[in-house]
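Q: Numbering (our numbering), first residue to last: 14 to 251. So that we are looking at the same thing, I have put the structure below in structure tokens.
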């Protein structure tokens, strides 16, 4: 069997086997190219947050109050405003962080569903109507952020869910129907339908390697398909 015949056989069968993966790659790639990443991340639905200052005296008195309550050491203390109130997020080692109201010294985490809803309302730009609020205790392909968390699902045609970390009171993710479609197609693109994140799988390596062979065999076939070999043979006979 000549090299050209072998290349033709390999090219034909690989093209048949790789038809679906190639359709996934090109179809999903086109979707990615046509989808503005800002809309996929729902950044266009985020409200602009004004800078909220905290008085140094408020921070100092609040931290003294925490020290008086026995909060002696910390690896990290983050001071910020939460729903108009001064708070301190105290982290120590591998322990779950503690969120304190600096004005009262009361620990306010994990935040309640009502507080999570208020945080989501502050984060969202537009008419705010809640469909449901769900406690999240396990990561999933849709959400891989800090746990536990609250999913605040909004009404409307975007299917938007705003995720709020229960320990920190921070918005950790925004997921819309566009994001879900993008994520599903990403799973097809990397051939990881379950987790949508492993692009080092043996299946993907096999598919990409086979596609490379398909490409090389196609290149080998070009001279024959374009008639170059036949013309060369006629010239040689002459």
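Glycine included, each C-beta is placed from N, C-alpha and C at the ideal position. As the structure is a prediction and not an experimental result, all values here were calculated from the model.
According to DSSP, residue 90 sits in a beta bridge with which residue or residues?
A: 103
Q: Give me the residue from 149, 178, 190, 179 with the minimum Cα distance to residue 169.
A: 190
Q: Taking C-alpha atoms, which residue in 151, 27, 134, 199 lies nearest to residue 174?
A: 134
Q: Starting from the Cα of residue 195, find the closest Cα among 18, 50, 108 and give me that residue.
A: When the alpha-carbon of residue 195 is set against those of 18, 50, 108, the nearest one is in 50.
Q: Please list, in chain order, all residues of the same chain as residue 24 whose beta carbon is under 7 angstroms from its beta carbon, the five residues on each side excluded.
A: 227, 230, 231, 234
Q: Return helix, strand or coil for residue 27, following the three-state DSSP convention.
A: If DSSP states are grouped into helix, strand and coil, residue 27 belongs with the helices.
Q: Exposed or buried, which one is residue 213 when buried takes at least 16 other CB atoms within 10 Å?
A: exposed
Q: Out of curiosity, what's the CA-to-CA distance linking residue 150 and residue 101?
A: 24 angstroms
Q: Whole angstroms is fine: what's the gap from residue 71's alpha carbon to residue 65's?
A: 13 angstroms
Q: Enumerated in chain order, which unbroken segments of the alpha helix (DSSP H) with a length of 4 residues or greater are wholly contained in the region 141-204?
A: 190-202
Q: Roughly how many angstroms lie between the CA atoms of residue 142 and residue 75, to the nearest whole one?
A: 35 angstroms
Q: So, is the C-beta of residue 37 closer than 8 angstroms to a C-beta in chain B?
A: Checking the listed chains, one finds no chain B in this structure; it contains a single protein chain.
Q: With residue 113 as the anchor, note down where its alpha helix (DSSP H) starts and where it stops.
A: Element bounds for residue 113: not the alpha helix (DSSP H) but the beta strand (DSSP E), 111-114.
Q: Closest to residue 128 by CA distance: which of 192, 139, 183, 82 is it?
A: Closest by alpha carbon: 183.
Q: On the three-state DSSP scale, how would you describe residue 36?
A: helix
Q: In whole angstroms, what separates the C-alpha of residue 115 from that of residue 201?
A: C-alpha of residue 115 to C-alpha of residue 201: approximately 48 angstroms in a straight line.
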